[in-house]
Amino acid sequence: MNYEIKIDNGSEPQGAIVLDRLAHIAQGIRRISEGALQMRLKGVSLTRGRKKISLQDALKVSLTGITEGSTVLCLQTEPFKKTLEPYQTDIFKAESQSQLPDETPLSLFIKTFQMALADDDGNDLLDKPLLRELKDLKKAFYSERETITISNQGSLPELKLTQKDFKKIKVLADEIPDPKPVVLNGVVEMLQYSKLKVKIKTEEGIVDGFLSDELTPESIAGFWGKEVTLTGITHFKARGNSVIEIQRVSEPGQGDVYFSKKPKSETVEVQLERQILEKGSNPLAEIMGKWPGDESDEEFEQMLKDLD
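The opening residue of the sequence shown carries number 5 in my numbering; numbering runs sequentially from there.
Put into structure tokens, the structure is as follows:
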């Protein structure tokens, strides 16, 4: 499939591009398309360790020419149905995976930017590492006057980017918490259509998880349906959802029931609002404007405890 990247108002002569800009564009396409593909395969864009599925051929994009009319890069790539190795269907991502065979690296690149720039509350196919990769493409712009347009001969809505677009992407990325370690106690259940995806039943409900690249279905098979303690990384997404990358599974120890709560994806502001609603008042307001000495030591200590 053929695509074009058109650079308008660039500093280079028409039909030319400096290697530094070309390198930033090539790197951005590779990393963003890989992250978007991983989001559809696993539910998270970035994982550590060896890859179970080779993506080298699937993510291949070739530069076939540079033409004038500003500067136009001509690119060619193949749909994933021709290049992607067989992968395990993921029941969590059934809708996005059903369309995956007809997608290409560049179509995922275009759609990922369009999702990030859409005027809604975010998308479950965006997480913080992927948004950071989108934000890094700003390095391919040398001035605010420049426009970069990516198109596919009308089969997809064209994507037109300027430097200003990256401000919105930065805000969206900043709103999502960083991935963080987690210890979780619950019952692990295997899904019918996926050997790598699991549901973790905790006291507070169901948590989605997947096996890290270091684990195999065989290594965890003996724990299916049993209460276990899981350690891993919680990956947060744009809609406040999260998924756990499971790195270790063990029999629960004494006191592990403490870890039977779902990971929270809350900003500081949301946490304060929730605590105020739960307690029925704002404990900060009760001590604002008061100085030590206006009340007894016991009263002051109690005020501080109420903030917990």
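Every residue gets a Cβ at the ideal spot worked out from N, C-alpha and C, and that includes glycine.
No experiment lies behind these values; they were computed from the predicted model shown.
Cβ neighbours of residue i in the same chain (closer than 8 angstroms, five flanking residues each side left out)
{"i": "A62", "result": "L41, F84, T87, L88, E89 and P109"}
{"i": "T81", "result": "M5, Y7, K64, V65, S66, T108, P109 and L110"}
{"i": "K142", "result": "Q167 and F170"}
{"i": "G297", "result": "Note that G297 scores 48 on pLDDT, short of 50, meaning its location in the model is unreliable and no value can be drawn from it."}
Candidates the options, of which the one nearest residue i by Cα
{"i": "Q18", "options": "T71, K230 and T81", "result": "T71"}
{"i": "T206", "options": "P221, I224, A225 and E231", "result": "E231"}
{"i": "V186", "options": "E16, A225, F227 and F240", "result": "F240"}
{"i": "S15", "options": "M119, G47 and I152", "result": "I152"}
{"i": "K132", "options": "K10, D123, K164 and I173", "result": "I173"}
{"i": "M119", "options": "R252, D106 and L163", "result": "L163"}
{"i": "K46", "options": "R25, I33, V175 and L130", "result": "L130"}
{"i": "I210", "options": "T220, S159 and N245", "result": "N245"}
{"i": "L135", "options": "V22, A177, N127 and D24", "result": "A177"}
{"i": "D24", "options": "Y146, L59 and Q60", "result": "Y146"}
{"i": "R44", "options": "D128, A144, I224 and A225", "result": "D128"}
{"i": "D106", "options": "V22, L79 and L160", "result": "L160"}
{"i": "V22", "options": "Q101, A144, I224 and K139", "result": "A144"}
Nearest-angstrom Cα separation, counted from residue j out to residue i
{"i": "A30", "j": "P183", "result": "27 angstroms"}
{"i": "I237", "j": "S74", "result": "45 angstroms"}
{"i": "T116", "j": "L77", "result": "20 angstroms"}
{"i": "E218", "j": "T166", "result": "40 angstroms"}
{"i": "F243", "j": "E208", "result": "For the sequence presented, residue 243 should be read as Arg rather than Phe. Computed Cα separation, rounded: 19 angstroms."}
{"i": "A27", "j": "D124", "result": "32 angstroms"}
{"i": "Q275", "j": "A122", "result": "Because the pLDDT at Q275 is just 47, under 50, the model does not fix this residue reliably, and the point stays unresolved."}
{"i": "L104", "j": "S216", "result": "22 angstroms"}
{"i": "G32", "j": "G226", "result": "41 angstroms"}
{"i": "L59", "j": "A20", "result": "30 angstroms"}
{"i": "D1", "j": "T220", "result": "Residue 1 lies beyond the residue range present for the chain, which begins at 5 and ends at 312; the question has no answer from this structure."}
{"i": "Q101", "j": "V48", "result": "14 angstroms"}
{"i": "G158", "j": "V175", "result": "30 angstroms"}
For residue i: DSSP bridge partner residues
{"i": "D131", "result": "K241"}
{"i": "S155", "result": "E8"}
{"i": "T87", "result": "Bridge partners of T87: none, in fact."}
Close beta carbons around residue i, own chain, < 6 angstroms, minus the five adjacent residues each side
{"i": "S37", "result": "L63, P109, L112 and F113"}
{"i": "N13", "result": "R149 and E150"}
{"i": "S254", "result": "T233"}
{"i": "G213", "result": "V202, I204, I248 and I250"}
{"i": "E222", "result": "none"}
{"i": "N156", "result": "Y7"}
{"i": "E137", "result": "R35, I36 and G39"}
{"i": "I9", "result": "L77 and I154"}
{"i": "E179", "result": "none"}
{"i": "G69", "result": "C78"}
{"i": "L50", "result": "P133"}
{"i": "I224", "result": "V253"}
Any non-hydrogen atom of the ligand NAP closer than 7 angstroms to residue i Cβ
{"i": "K115", "result": "With respect to the ligand NAP, the structure offers nothing, as it holds no ligand at all."}
Going residue by residue through the segment 57-83, where are the continuous beta strand (DSSP E) segments of at least 3 residues, counting only ones entirely within it? You should have 65-71 and 75-81.
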